[in-house]
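Numbering (our numbering), first residue to last: 7 to 203. Report on the structure given below.
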Amino acid sequence: MNSPLHTKKQIWILRHAATEWSQNGRHTGRSDIPLLKEGETAAKRMRPTVESHQFQLALSSPMERARKTAELMGLGDAIEIDPDLREWDYGDYEGITTPEIRKTVPGWTIWDGECPHGEAGEDVAARARHVIDRALAVEGDVALFSHGHFSRVLVATWLHLSPDCGRFFTLDTGTICVLGYEHEYRVIKTWNAKVHA
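Here it is in structure tokens:
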């Protein structure tokens, strides 16, 4: 059961805008790839929506693509860096696409495969639990600027699902997702929403 304090809370997940690697499907974990110009434009389009909402806490991954997205959406001055919001550490698969990995590991997916010298799904879920705990510790709404696979694990964790259930929550760059409550139950209020010109 959650206290009445939590039943109105919203946690906004804002995936960073497009980078060259996100567009061509390369796994982008620890590499600090900048936003593309079109990514910057998409983030700026979202600014009125994000700025018009009041957040008690705004957290960002330390990666430039997440921090720049927060800045372009109008929350740059309010952001606190939280290393737990980093993307999945892909280890030896950093910068490599899934089709390339499948040449040597047939049928591989991030959800049930291994990342040599990287993180397992449960490692990512442990970081997601830390972020959720931090978000629930404040009274108001929270904005999280993060990455695709991490955010998908975070929503699975929010819903008390295993990290591999992140496979069911496709997530584009430059999108807004909102987590919250219906009565005492954790729910998804908005998922993978874009702001169009």
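A virtual CB, placed ideally from N, CA and C, is assigned to each residue, including glycine.
Only residues of its own chain outside the window of five on either side were considered, and among them D90 have a CB closer than 6 Å to the CB of H136, listed in chain order. Three or more beta-carbon pairs separated by less than 8 Å link the region 14-33 to the region 138-152, which places the two stretches in contact. Taking 8 Å as the cut-off, the beta carbon of G172 is found closer than this to the beta carbon of W117. When C-alpha distances from T176 are compared across R192, Y187, T196 and E188, the shortest belongs to T196. In the pairwise beta carbon analysis, the region 187-194 is classified as not touching the region 29-40: fewer than three pairs are separated by under 8 Å. Cα atoms of E106 and Q60: separation of roughly 43 Å, rounded to the nearest angstrom. Per the C-alpha coordinates, the member of E57, E125 and E93 positioned closest to A76 is E57. Fully contained in the region 66-108 are the following beta strand (DSSP E) runs of length 3 or more, in chain order: 85-87. In the pairwise beta carbon analysis, the region 177-186 is classified as not touching the region 92-100: fewer than three pairs are separated by under 8 Å.
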